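Shown next, in structure tokens, is the structure this report addresses.
Residue numbers (our numbering): 1 to 682.
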């Protein structure tokens, strides 16, 4: 059963064997039944004819009351017909004349016990019958012919008129030999049919294996190579049938798949930052070398594939990561984490995880990017330490600040104005920075949409070319098949008509043979009546009868052959109808090609949407540029005001020069205490 489930060849072989066996069994059953009926009818007819001829010979002396002549006829029957026994009974069922002298004066039931014959015998004593019935006695088969002898007016002078039936003639023909021959012929026919069936199944299975299964196995082997990652198979087939078309389609599909996989792998290989891709089952699908180097782990993709992200990042199978949250919520996730590497070193990272989907909208997993911000956080801590040193120095400078308070009063007023301008300038600069960021995002969006539009246009072009080629080939193939189917159907109808004409001719020959046989029988009867003078004529009539029987037998054989031709013609016509159905299926394939082209139109529509998105992004970029220009104008104006104010402050600065010298001493001490703090700022 395992072999059958895995092998299409085994399945087809079983189906072919089952169909062939069923068809041959049905044909053989009908053939056996027809042969049995035909031979039985012939045997019955021959036996009845023989019995009727014997009865005609007995009837002549019996009618005239010639007892000796009647006995002589029974003896003649016994000597001439070895397989025929005759018994004449009275109206009581007692045998009065018989080819078997021991049966005389016995009831017929004692001479030949048979339920079938007994019933017909009793009915023949009550009413006039002329019927036959097959009966069995031991291992032999007989045809019993019962002919009632009615009490006619010419018989009343001897038998009176009290009994309507004077008796009956019972003739038993031994038909064991022809019946055995019939059964032997049926067995031989069955043997020949089984031998032919075995040959048919063998040839069919071999042909299917050579024409289809071998090629299908070759395709399956090549597709298995592709499934294992080997894209070198070319799927070449020099033929032009459906399997060759399938091989070409698979080859085109593999080429397209190879291009897309190459593009995807190239994109993944070009990612410069630590990255990991997680599947919908929360297992790692892909991780790059940068991620492993950041975590100080050995780079071996096979080692990590299928591993839970909690184990990979935290060595904790139950811990939920940002990648898993992105898969569960199907939304982008961002955050900052403290992670410990394999050597125990702590690092600070920012995490961005985004779910991604296939073309059908089905979740395929999430892609996560890490950014190492450990140097930034360390610099932040150094700046905080420096701020503490500055705070201590500020306490020491407090006294100096008190001395400067009076001098800097007016200076503070002017500085207030400068501070306001500076603050305004700072806000405008922040707005300019925001606008620059928006412009950068728009530029990135324009780039991405342009790339997507290019790929979509290329895909639309390839799909259109491929769909056009497939549609044209399908249409040509369907037109050829349709024309061939029509021509074969017309030829088969003509063949069926010719077979019908031959059948009609054979029926005419059969009728002629029947008439010849009947004429031969009539001639034999007339020859029997003529006695010795008609003996030569009887021989000729017997030969004519035999010739007619041979003609009938030959006619039946020819009729059987013609019937086979007619049946074959009908079967081929059915096959042509089925071929027509397959042509309709071919039309459906062309419709499918049209639908594929509609898909290409949708891709083109998607390309148009991307182009519109590019236009929108370009408009946003233009608006951002205008805002930057306006901001620059404002900054220039503010810078002018600041310059004027600083000029006024120059004179005041001289007044605080003495105080500044003292303040420099304090700042010098702050620098010495701060150590490396200025370097941290750099």
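We put the CB at the ideal spot given by N, CA and C, even for glycine.
Remember, it's a predicted structure, so these values are computed and weren't measured experimentally.
Could you give the residue range of the beta strand (DSSP E) that holds residue 150?
Locating residue 150 in the chain shown gives position 150, where the first residue counts as 1. Counting along the chain, the beta strand (DSSP E) containing residue 150 begins and ends at 140 to 150.
Simplified DSSP state of residue 445, which is helix, strand or coil
The count along the chain shown starts at 1 and reaches residue 445 at position 445. DSSP, read as helix, strand or coil, puts residue 445 in helix.
Return the chain-ordered list of same chain residues with a C-beta closer than 8 Å to the C-beta of residue 311, the five sequence neighbours on each side being excluded.
The residue labelled residue 311 in the question sits at position 311 within the chain shown. A distance below 8 Å between beta-carbons, with the five flanking residues on each side excluded, links residue 311 to the following residues of its chain, in chain order: 317.
Buried or exposed: where does residue 63 fall if 16 or more other Cβ atoms within 10 Å of its Cβ makes it buried?
Within the chain shown, numbered from 1, the residue matching residue 63 stands at position 63. The residue in question, residue 63, is exposed, as its Cβ has fewer than 16 Cβ neighbours within 10 Å.
Quick one: what does DSSP say residue 330 is sitting in, helix, strand or coil?
Walking along the chain shown from the start, residue 330 turns up at place 330. The DSSP-derived three-state label of residue 330 is coil.
DSSP three-state assignment for residue 188, whether helix, strand or coil:
If you number the chain shown from 1, residue 188 lands on position 188. Of the three classes helix, strand and coil, the one that applies to residue 188 here is helix, per DSSP.
Would you check if there are 3 or more beta carbon pairs closer than 8 Å linking the region 46 to 53 to the region 186 to 202?
The region 46 to 53 is not in contact with the region 186 to 202.
Nearest neighbour of residue 141, chosen from 174, 111, 169, 164 [CA to CA]
The sequence position of residue 141 within the chain shown is 141, counting from 1. For residue 141, the nearest C-alpha among the options comes from 174.
Residue nearest to residue 560 in terms of C-alpha spacing, selected from 585, 148, 507:
Along the chain shown, read from residue 1 onward, the residue named residue 560 stands at position 560. Nearest C-alpha to residue 560 among 585, 148, 507: 507.
Counted within 10 angstroms of its Cβ, other Cβ atoms place residue 370 as buried (16 or more) or exposed
Indexing the chain shown from 1 puts residue 370 at position 370. Classified as buried, residue 370 has 16 or more neighbouring CB atoms from the shown chains inside 10 Å of its CB.
Chain-order list of residues whose beta-carbon lies under 8 Å from that of residue 216 (same chain, five-residue window excluded):
Working through the chain shown from its first residue, we reach residue 216 at position 216. If we look at residue 216 and ignore the five residues flanking it on each side, its Cβ neighbours are 8, 243.
Should the region 279 to 295 be called in touch with the region 360 to 375, which here means at least 3 C-beta pairs below 8 Å?
The region 279 to 295 makes contact with the region 360 to 375: 3 or more CB pairs, one atom from each, lie closer than 8 Å.
Does the distance from the CB of residue 212 to the CB of residue 222 come in under 8 Å?
Residue mapping note: residue 212 aligns to position 212 of the chain shown, counting from 1. Residue mapping note: residue 222 aligns to position 222 of the chain shown, counting from 1. Contact annotation: residue 212 and residue 222 have beta-carbon atoms that are not nearer than 8 Å.
Report the rounded CA-to-CA distance for residue 32 versus residue 43, giving the unit in angstroms.
On the chain shown, position 32 is the one that residue 32 refers to. On the chain shown, position 43 is the one that residue 43 refers to. Distance between the alpha carbons of residue 32 and residue 43 is about 16 Å.
In whole angstroms, give me the CA-to-CA distance for residue 89 and residue 545.
Here the question's residue 89 lines up with position 89 in the chain shown. Here the question's residue 545 lines up with position 545 in the chain shown. If I take the Cα positions, the gap works out to 32 Å.
Would you report the Cα separation of residue 80 and residue 528, rounded to the nearest angstrom?
Residue 80 sits at position 80 when you count from the first residue of the chain shown. Residue 528 sits at position 528 when you count from the first residue of the chain shown. Residue 528 has its alpha-carbon roughly 14 Å from the corresponding atom of residue 80.
Round the Cβ separation of residue 301 and residue 286 to the nearest angstrom and send it over; I've been treating them as touching at under 8 Å.
As a position in the chain shown, residue 301 is number 301, starting the count at 1. As a position in the chain shown, residue 286 is number 286, starting the count at 1. About 7 Å separates the Cβ atoms of residue 301 and residue 286, confirming a contact at the 8 Å cut-off.
Touching or not, the region 106 to 124 and the region 55 to 62, by the rule of three or more beta carbon pairs under 8 Å?
The region 106 to 124 vs the region 55 to 62: no contact.
Burial state of residue 679, where buried means 16 or more other Cβ atoms lie within 10 Å:
Position 679 of the chain shown, counting from 1, holds the residue named residue 679. Reliability of the predicted coordinates at residue 679 is poor, the pLDDT of 39 falling under 50, and no value is obtained from them.
Which residue comes first and which comes last in the alpha helix (DSSP H) that contains residue 131?
For the purposes of this step, residue 131 is taken as residue 131 along the chain shown, with counting starting at 1. Counting along the chain, residue 131 falls outside any alpha helix (DSSP H), though it belongs to the beta strand (DSSP E) covering 130 to 137.
Nearest to residue 171 (by Cα), restricted to the options 138, 83, 187
If you number the chain shown from 1, residue 171 lands on position 171. Comparing C-alpha distances from residue 171 to each of 138, 83, 187 shows the shortest one belongs to 83.
Which residue comes first and which comes last in the beta strand (DSSP E) that contains residue 368?
Your numbering for residue 368 matches position 368 in the chain shown. Residue 368 -> beta strand (DSSP E) spans 363 to 372.
Would you tell me roughly how many angstroms separate the C-alpha atoms of residue 275 and residue 323, rounded to the nearest one?
By one-based count along the chain shown, residue 275 stands at place 275. By one-based count along the chain shown, residue 323 stands at place 323. Distance between residue 275 and residue 323, taken at the CA atoms: about 11 Å.
Run the CB neighbour count on residue 359, radius 10 Å, all protein chains shown included, and call it buried at 16 or more, exposed below.
In the chain shown, the residue the question calls residue 359 occupies position 359. That one is exposed.
Pull the bridge partners of residue 360 from the DSSP assignment, please.
Within the chain shown, the letter at position 360 stands for residue 360. Paired residues: none, contrary to the question.
Roughly how many angstroms separate the alpha carbons of residue 674 and residue 348, rounded to a whole number?
For the purposes of this step, residue 674 is taken as residue 674 along the chain shown, with counting starting at 1. For the purposes of this step, residue 348 is taken as residue 348 along the chain shown, with counting starting at 1. The predicted position of residue 674 is uncertain, since its pLDDT is 49 and thus under 50; no value can be drawn from it.
Please determine whether the Cβ atom of residue 494 lies at a distance below 7 Å from any heavy atom of the ligand FAD.
Looking for the ligand FAD in the displayed structure turns up nothing, as the structure carries no ligands at all.
Just the C-alpha distance for residue 257 and residue 361, rounded to the nearest angstrom, thanks.
Numbered from 1 along the chain shown, position 257 holds the residue referred to as residue 257. Numbered from 1 along the chain shown, position 361 holds the residue referred to as residue 361. Whole-angstrom Cα-Cα distance: 19 Å.
Under a Cβ-count criterion, where at least 16 other Cβ atoms within 10 Å of its own Cβ denotes burial, should residue 74 be classed as buried or exposed?
Taking the first residue of the chain shown as position 1, residue 74 is located at position 74. Buried is the call here.
Starting from residue 304, trace the alpha helix (DSSP H) both ways and give me its first and last residue.
Numbered from 1 along the chain shown, position 304 holds the residue referred to as residue 304. Counting along the chain, the alpha helix (DSSP H) containing residue 304 begins and ends at 301 to 304.
Proximity winner among 515, 107, 135, 146, relative to residue 124 (alpha-carbon distances):
The residue labelled residue 124 in the question sits at position 124 within the chain shown. Of the candidates 515, 107, 135, 146, the residue whose Cα lies closest to the Cα of residue 124 is 146.
8 Å Cβ shell around residue 106 - same chain, five flanking residues per side excluded:
The count along the chain shown starts at 1 and reaches residue 106 at position 106. Excluding positions up to five away in sequence, the list reads 94, 95.
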